[in-house]
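All letters in the sequence shown, in the order written, are residues 3 to 158 by my numbering.
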Amino acid sequence: MKIQLIAVGTKMPAWVETGFKEYQRRFPKDMPLELIEITAGKRGKNADIKRILQQEGEKTLAAIPKGNRIVTLEVTGKPWDTHQLANNMEKWQLDGRDVSLLIGGPEGLAPECIAASEQKWSLSNLTLPHPLVRIVVAESLYRGWSLNNNHPYHRE
(Lines of atoms letter the chains of each structure in order from A and count residues from 1; the text may use other names and numbers.)
(Lines give C-alpha, C1' and ligand atoms only; values in the text may rest on other atoms or scores of the structure.)
Protein backbone atom coordinates (compact mmCIF):
# COMPACT_ATOMS: atom_id res chain seq x y z
CA MET A 1 0.00 0.00 0.00
CA LYS A 2 1.27 3.44 -0.91
CA ILE A 3 0.28 6.47 1.15
CA GLN A 4 0.12 9.82 -0.58
CA LEU A 5 0.05 13.06 1.34
CA ILE A 6 -1.41 15.67 -1.00
CA ALA A 7 -0.96 19.13 0.48
CA VAL A 8 -1.78 22.61 -0.76
CA GLY A 9 1.33 24.77 -0.55
CA THR A 10 4.87 24.75 -1.90
CA LYS A 11 8.17 26.32 -0.89
CA MET A 12 8.08 25.16 2.70
CA PRO A 13 10.69 26.31 5.21
CA ALA A 14 13.72 24.04 5.56
CA TRP A 15 12.58 22.78 8.99
CA VAL A 16 9.33 21.50 7.45
CA GLU A 17 11.12 19.66 4.66
CA THR A 18 13.67 18.22 7.10
CA GLY A 19 10.99 17.09 9.56
CA PHE A 20 8.80 15.50 6.90
CA LYS A 21 11.71 13.75 5.17
CA GLU A 22 12.93 12.34 8.50
CA TYR A 23 9.72 10.34 8.90
CA GLN A 24 9.24 9.69 5.19
CA ARG A 25 12.60 7.89 4.97
CA ARG A 26 11.66 5.58 7.87
CA PHE A 27 8.72 4.01 6.04
CA PRO A 28 9.27 0.48 4.71
CA LYS A 29 9.49 -0.13 0.98
CA ASP A 30 6.12 -1.93 0.99
CA MET A 31 4.40 1.17 2.45
CA PRO A 32 6.07 4.26 0.99
CA LEU A 33 4.92 7.74 1.97
CA GLU A 34 4.82 10.17 -0.94
CA LEU A 35 4.32 13.94 -0.77
CA ILE A 36 2.55 15.76 -3.58
CA GLU A 37 2.44 19.53 -3.31
CA ILE A 38 -0.34 21.55 -4.90
CA THR A 39 0.45 25.16 -5.75
CA ALA A 40 -1.69 27.48 -3.65
CA GLY A 41 -3.65 30.21 -5.43
CA LYS A 42 -2.51 33.81 -5.06
CA ARG A 43 -4.21 35.45 -2.12
CA GLY A 44 -4.24 39.22 -2.24
CA LYS A 45 -6.40 42.00 -0.89
CA ASN A 46 -9.25 41.41 -3.35
CA ALA A 47 -8.71 37.69 -3.98
CA ASP A 48 -11.72 35.58 -4.97
CA ILE A 49 -11.27 32.97 -2.24
CA LYS A 50 -14.16 30.82 -3.44
CA ARG A 51 -12.60 30.56 -6.92
CA ILE A 52 -9.11 29.94 -5.49
CA LEU A 53 -10.46 27.17 -3.25
CA GLN A 54 -12.23 25.59 -6.21
CA GLN A 55 -9.05 25.65 -8.32
CA GLU A 56 -6.98 24.16 -5.50
CA GLY A 57 -9.64 21.46 -5.11
CA GLU A 58 -9.56 20.62 -8.81
CA LYS A 59 -5.75 20.30 -8.75
CA THR A 60 -5.89 18.19 -5.59
CA LEU A 61 -8.49 15.78 -6.97
CA ALA A 62 -6.57 15.52 -10.25
CA ALA A 63 -3.48 14.38 -8.32
CA ILE A 64 -5.29 11.38 -6.81
CA PRO A 65 -4.88 8.13 -8.74
CA LYS A 66 -8.15 6.46 -9.66
CA GLY A 67 -9.38 4.04 -7.02
CA ASN A 68 -7.44 5.49 -4.09
CA ARG A 69 -9.10 5.77 -0.69
CA ILE A 70 -9.43 9.49 0.11
CA VAL A 71 -8.98 10.70 3.68
CA THR A 72 -9.33 14.43 4.37
CA LEU A 73 -7.67 16.18 7.28
CA GLU A 74 -10.21 18.53 8.83
CA VAL A 75 -10.79 20.22 12.16
CA THR A 76 -14.35 18.84 12.05
CA GLY A 77 -13.19 15.30 11.26
CA LYS A 78 -13.01 12.40 13.68
CA PRO A 79 -10.14 12.48 16.19
CA TRP A 80 -8.09 9.28 16.26
CA ASP A 81 -5.70 8.24 18.97
CA THR A 82 -2.61 6.24 18.00
CA HIS A 83 -4.35 2.88 18.36
CA GLN A 84 -7.32 4.04 16.26
CA LEU A 85 -4.95 5.31 13.56
CA ALA A 86 -3.04 2.01 13.60
CA ASN A 87 -6.35 0.16 13.33
CA ASN A 88 -7.40 2.32 10.38
CA MET A 89 -4.05 1.69 8.71
CA GLU A 90 -4.55 -2.06 9.11
CA LYS A 91 -8.00 -1.78 7.51
CA TRP A 92 -6.56 0.29 4.67
CA GLN A 93 -3.99 -2.42 3.98
CA LEU A 94 -6.63 -5.14 3.98
CA ASP A 95 -8.72 -3.02 1.60
CA GLY A 96 -5.95 -3.36 -0.99
CA ARG A 97 -6.09 0.25 -2.22
CA ASP A 98 -3.59 3.03 -1.92
CA VAL A 99 -4.50 5.96 0.32
CA SER A 100 -4.49 9.70 -0.40
CA LEU A 101 -4.52 12.01 2.61
CA LEU A 102 -5.56 15.57 1.74
CA ILE A 103 -4.40 18.75 3.48
CA GLY A 104 -5.97 22.02 2.37
CA GLY A 105 -4.60 25.52 2.23
CA PRO A 106 -5.31 28.51 4.50
CA GLU A 107 -9.08 28.22 4.06
CA GLY A 108 -9.08 24.42 4.24
CA LEU A 109 -10.21 22.01 1.55
CA ALA A 110 -12.59 22.64 -1.32
CA PRO A 111 -16.11 21.23 -0.81
CA GLU A 112 -15.47 18.82 -3.72
CA CYS A 113 -12.52 17.28 -1.85
CA ILE A 114 -14.55 16.87 1.30
CA ALA A 115 -17.41 15.29 -0.66
CA ALA A 116 -14.98 12.80 -2.27
CA SER A 117 -13.51 11.64 1.05
CA GLU A 118 -14.29 8.29 2.62
CA GLN A 119 -12.93 9.31 6.00
CA LYS A 120 -12.40 12.64 7.73
CA TRP A 121 -9.56 12.79 10.26
CA SER A 122 -9.01 15.58 12.79
CA LEU A 123 -5.56 15.98 14.32
CA SER A 124 -6.81 18.54 16.83
CA ASN A 125 -9.58 20.99 17.60
CA LEU A 126 -6.92 23.63 17.10
CA THR A 127 -6.30 25.11 13.69
CA LEU A 128 -2.74 23.98 13.01
CA PRO A 129 -0.32 25.65 10.59
CA HIS A 130 -0.48 23.68 7.36
CA PRO A 131 3.30 23.17 7.13
CA LEU A 132 3.34 21.66 10.63
CA VAL A 133 0.47 19.30 9.74
CA ARG A 134 2.73 17.57 7.20
CA ILE A 135 5.20 16.63 9.91
CA VAL A 136 2.54 15.63 12.46
CA VAL A 137 0.78 13.40 9.91
CA ALA A 138 4.04 11.76 8.78
CA GLU A 139 5.09 11.05 12.39
CA SER A 140 1.61 9.79 13.33
CA LEU A 141 1.50 7.43 10.35
CA TYR A 142 4.97 6.13 11.15
CA ARG A 143 3.95 5.59 14.77
CA GLY A 144 0.82 3.73 13.60
CA TRP A 145 2.93 1.55 11.33
CA SER A 146 5.40 0.85 14.16
CA LEU A 147 2.56 -0.17 16.49
CA ASN A 148 1.13 -2.56 13.88
CA ASN A 149 4.56 -4.09 13.27
CA ASN A 150 5.81 -4.33 16.88
CA HIS A 151 8.59 -1.89 16.05
CA PRO A 152 10.29 -0.38 19.11
CA TYR A 153 9.58 3.21 17.98
CA HIS A 154 6.18 3.05 19.69
CA ARG A 155 6.38 2.18 23.35
CA GLU A 156 3.44 2.06 25.70
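Where a beta carbon is used, it is the ideal one built from N, C-alpha and C, also for glycine.
None of these values were measured; they are calculated from a predicted model.
Span of the alpha helix (DSSP H) around residue i
{"i": "alanine 140", "result": "132-150"}
{"i": "tryptophan 17", "result": "16-26"}
{"i": "glycine 79", "result": "Run containing glycine 79: none in the alpha helix (DSSP H); it sits in the beta strand (DSSP E), 71-81."}
{"i": "lysine 52", "result": "51-64"}
{"i": "lysine 93", "result": "84-97"}
CA-to-CA distance, residue j to residue i, given in whole angstroms
{"i": "arginine 71", "j": "serine 102", "result": "6 Å"}
{"i": "arginine 53", "j": "asparagine 151", "result": "44 Å"}
{"i": "glycine 98", "j": "threonine 20", "result": "30 Å"}
{"i": "alanine 16", "j": "tyrosine 25", "result": "15 Å"}
{"i": "glutamate 76", "j": "methionine 3", "result": "23 Å"}
{"i": "lysine 68", "j": "proline 154", "result": "35 Å"}
Reference residue i; option with closest CA among the options
{"i": "arginine 27", "options": "Leu143, Asp50 and Leu149", "result": "Leu143"}
{"i": "lysine 61", "options": "Thr41, Ala117 and Asp32", "result": "Thr41"}
{"i": "phenylalanine 22", "options": "Gly146, His156 and Ala140", "result": "Ala140"}
Cut-off 8 Å between Cβ atoms - residues of its own chain near residue i, not counting five sequence neighbours on either side
{"i": "proline 133", "result": "Gly11, Met14, Pro15 and Val18"}
7 Å CB neighbourhood of residue i in its chain, flanking five on each side removed
{"i": "leucine 35", "result": "Ile5, Leu7, Gln26, Phe29, Ala140 and Leu143"}
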